[in-house]
Each structure stands twice: as structure tokens, then as C-alpha cells.
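Numbering (the UniProt record's numbering), first residue to last: 1 to 447.
A virtual CB, placed ideally from N, CA and C, is assigned to each residue, including glycine.
Note that this is a predicted model, so its numbers are computed, not measured.
Contents: one structure, followed by commentary.
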Amino acid sequence: MAVGHNKSELEGDSATLASRVGDLSPLLPLAGTVATIEYPGKLSRERILQKVSVPFVSVDPAGTVRDDSVRANSLVWSDNWFALHNLLASGKKATLIYLDPPYATGLDFQSRDQEHAYNDALSDAGYIEFIRRRLILMLELLSDQGSIYVHIGHQMLGEMKLILDEVFGAKNFRNIITRRKCSSKNFTKHQYANLNDYILFYSKSDSYTWNQPMENPDPDWIAKEYPKVDSKGQYKLVPVHAPGTRRGETGGLWRGEMPPAGKHWQYTPTRLDEFDAKGEIHWSKNGNPRRKVYLPADKGLALTDYWDKYRDAHHQSILITGYPTEKNFEMMKMIVAASSNPGDLVIDPFSGSGSTVHAADVLGREWIGIDQSLLAVKTAIKRLTLGRNPMGDFVKGETPPDLFSEFKASTVQHETVSAEFSLLVDHEISKLHPAEVSGLAGLLPKP
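What follows is the structure in C-alpha cells.
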């Protein structure tokens with residue numbers, strides 16, 4: 001807890017410290033010295049930003065490929081190192097980048113249909129440098145009004161904070177957001193339950209895009225904050241005076257009374273009379289006036305850095321894609337709305353199930369989703385063309401389905417989607433995996 005001290009307290013006997021005179025305690029780094037993580041293989045910023053030219057091709061529903069570049073409203077099957085370099089060369093700037101990279105868990109991840117999604121094998125310095133190199137590219141891709149959200153687990157939270165401070169500058173740190181990811185059923189016997197993951201929020205400058213997100217207050221909060229009720233609704237009582245003296249009307253008489261010593265009326269006597277005439281002044285038994293403040297119909301509370309309403313899918317009726325580590329769609333819409341405006345470019349370089357690009361599309365932003373996982377790109381295409389399905393629809397069969405199996409004609413569509421987008425592939429990947437590229441083309445909406 002912060003405690004204020006006056007000068008006499010700081011210089012008095014109680015401020016005496018057990019400090020020795022001499023040099024037996026080695027000196028600390030100078031104030032303002034930036035903390036960094038050092039390890040073998042750490043590339044310089046200049047080396048990371050050296051031009052990397054990799055051609056890309058667009059793929060149409062017929063499977064025809066044409067030379068192209070990474071552009072807005074595209075899903076990209078590629079290592080994001082090459083796709084981000086391609087974007088840098090184009091000069092395009094993003095207002096928002098959200099990434100939900102691997103967490104260094106050491107695990108393999110599969111979809112609900114038992115299809116392989118990705119291997120989260122990197123750890124330690126290799127993981128740190130993998131992310132750091134891409135963060136440096138992302139910094140260059142952001143406009144001066146841009147922000148970045150890095151969604152991460154507990155495994156590398158501390159390291160990522162140091163790396164982001166190094167790349168974006170500690171002064172541009174905004175929040176460590178704690179997200180409640182699951183219910184209290186997730187418990188362990190010999191340590192605290194792992195219920196949360198984290199989002200590191202940074203901006204590129206002080207003039208970043210920000211649209212304050214709000215949330216509806218819960219009934220318990222309303223009952224506590226607005227405890228009284230009359231014919232006009234719920235209300236609370238607030239003083240009609242404020243600290244500080246004034247010489248004008250607000251410092252004079254109202255109803256024959258002066259404001260309390262050292263205070264002034266918050267409103268002019270005329271305004272206070274208007275409140276009283278409308279029945280909005282409450283008079284206590286001893287004649288003390290207080291103003292009635294009624295609960296607005298659209299009352300909202302500013303969202304804090306603890307998010308407990310954006311949990312992973314936990315109910316059979318919730319719409320999902322079945323992709324592992326899929327994030328809450330309402331959370332993604334909130335992030336996109338908070339840190340971008342209609343028409344702005346939103347980039348997700350680890351796009352996974354496509355939650356970010358879907359949210360950006362719904363909210364009228366341009367977007368680019370990049371992923372190295374074939375399953376991720378397949379999932380995002382299906383999501384943007386056919387929508388998601390209730391979690392209860394994902395019943396595991398005895399054998400995994402074909403990666404490019406078509407939906408049956410009788411499949412019920414639970415979500416209306418109307419995204420128009422392009423499919424782009426690293427040119428070399430398109431040559432190495434023609435069958436997979438053809439399969440992705442087959443999932444694209446026909447013109």
C-alpha cells in the first residue's frame with residue numbers, strides 16, 4: 001500500500017536505515033538502465049529487420065494459383081516470419097495486433113476431432129528468441145496509434161514482460177490482464193489451482209487508439225451502490241457539498257445555511273432549488289441535504305484488468321470451431337472494438353481458429369490472419385464460410401475424419417457469416433504440398 005510521508009518524517013529518527021559506509025556492497029546499475037535477457041543466438045534488431053523476400057501466391061476455389069502479396073482480408077498459410085516480412089515490404093500499417101502464440105507447454109495439441117493442430121515444443125531461450133524476433137517485426141508493422149495484445153500462459157509470463165519492455169519500451173506498457181480461463185473444477189493437490197492466463201497489453205506510443213470498453217454491472221453491485229428505491233427507481237445519496245471554499249454563489253447561503261466549514265455547494269443555489277422541486281433532494285431528520293442520484297438505464301462500468309466473463313467454452317450450446325486453444329469470441333470482439341476503429345487493419349500472426357479475424361470482420365475492420373498450421377487455416381476457412389457449431393456437436397468418432405472432408409448438405413448452419421477473403425500461401429509451401437493446397441481451395445466459397 002502506498003503511504004505518503006512529509007519531509008520531517010523522511011528526515012526524522014524513524015527514517016534511520018541500517019546502511020554501512022563503504023564499498024562492501026557492490027553498486028547497483030544506474031537509474032534508467034534497461035533490463036534485458038541475454039542468451040546465445042540473440043539476433044540484433046538490425047539483423048531481424050534485414051529484408052527477407054519470399055514470394056506468395058493466392059489460391060482461388062478452383063485451385064488456381066497466382067503470384068500475389070500478403071494483403072488485407074486474407075488468410076495466410078505460412079510461417080509468420082516470412083508473412084510479416086512480406087507485409088513490411090508493402091508498407092501497410094496495422095492499428096491492432098493480437099497474438100495467442102504457443103505457451104512453451106511442451107505439449108501436442110489436437111482438435112476435438114483428434115486432428116493434429118501444432119506442437120508446442122519450443123522452450124527457454126529458443127522460445128524467447130522465436131517470439132522476440134517476431135515482436136520486433138510487429139512493432140514496425142504497427143502505426144503510431146497501434147497497440148499489441150500478447151496472450152500468454154504462466155509458463156513464460158515473466159520472460160515475455162521483459163522482452164516486451166525491451167522491444168516496445170517499458171513506458172508503453174499498459175496492462176497485465178488476468179483472464180479467468182476455466183472454472184474452479186481445475187484444481188491440483190499440491191499447488192494452487194491454475195485458473196487464469198494473461199494478456200500483456202502495450203502501445204507503440206502515447207497516442208494509441210482507445211475506445212473504453214464497458215460491462216454491465218451485476219445485480220449485487222447495483223443493490224450495494226444504489227440501495228434506495230422510490231417511485232422513480234433505484235438511487236443513491238451523495239453530498240451536495242465538496243471540499244474547498246469558494247467566494248461566489250456556491251460559497252454562500254442556501255436555504256439559510258452556509259456550506260460546512262472548508263467546503264462549498266457543488267451547485268448554485270438556483271440549481272439546488274431545481275433538484276429539490278423535482279424531489280431529488282433528500283433531507284435527513286437533522287436537516288442535512290443530500291442529492292438523489294438515480295441508476296441510469298444504460299449504466300456501465302469500465303472494464304478492469306481482471307476478466308472473469310470471457311472463459312473458454314464450457315457449455316454444450318456455445319458455438320465453437322473445435323480447434324484447440326480457441327479463445328472466447330466475445331473477448332475478441334471486445335479487444336478489437338477497444339483498440340481499433342472501423343476500417344483499421346487488425347493482424348493476428350498466430351490466428352489459430354480465426355477468432356480474431358472473425359471478430360474484426362464482424363466489426364468492419366480489415367484483417368490478416370497468419371498461421372503455419374494447416375488445420376488452423378482449414379478451420380478458419382470453414383469458420384468464415386459456414387460459421388461455428390455448438391460444442392455439443394463435437395462427438396469424437398473411432399477414427400479421425402479426413403482433413404478436407406466436406407460438410408454434408410444436411411448440416412445445420414448455426415451462425416450467419418458473410419466474410420469475403422483471399423487465401424494466400426507461401427510459394428514454396430504451395431509447391432511442396434500441392435494436395436493440401438488443393439484441399440484448402442476446395443473449402444473456399446464458390447463464386
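- Excluding sequence positions up to five before and after G392, its CB lies within less than 6 Å of the CB of Q316, all in the same chain and listed in chain order.
- The beta carbons of I199 and R179 sit closer together than 8 Å.
- In the structure shown, A313 adopts coil according to DSSP, grouped into three states.
- Shown here, F421 sits in coil according to DSSP, grouped into three states, outside any helix or strand.
- Under the three-state reduction of DSSP, R71 is assigned to coil, being neither helix nor strand.
- Considering only W265, L164 and H154, the residue with the shortest C-alpha distance to N288 is W265.
- Collapsing the DSSP output to three states places Q155 in a helix.
- The three-state reading of DSSP puts E257 in strand, counting E and B together.
- Distance from the CA of P227 to the CA of I128, rounded to the nearest whole angstrom, comes to 51 Å.
- For S123, the secondary structure class from DSSP, reduced to helix, strand or coil, is coil.
- The three-state reading of DSSP puts S90 in helix, counting H, G and I together.
- Contact between R383 and G354 holds, since their C-beta atoms are separated by about 5 Å, short of 8 Å.
- Assignment of H358 by DSSP, reduced to helix, strand and coil, places it in the helix class.
- By the neighbour-count criterion, in which a residue is buried when 16 or more other Cβ atoms sit within 10 angstroms of its Cβ, T304 is exposed.
- With 16 or more other CB atoms across the displayed protein chains lying within 10 angstroms of its CB, A313 is buried.
- Look at H85 here: in three-state DSSP terms it is helix.
- Counting C-beta pairs with one atom in each stretch, the stretch 204-213 and the stretch 235-248 have fewer than three that are closer than 8 Å, which means they do not touch.
- Closest by C-alpha distance to S183, out of I177, L195, N172 and K189, is L195.
- R47 sits in a helix when the DSSP states are folded into three classes.
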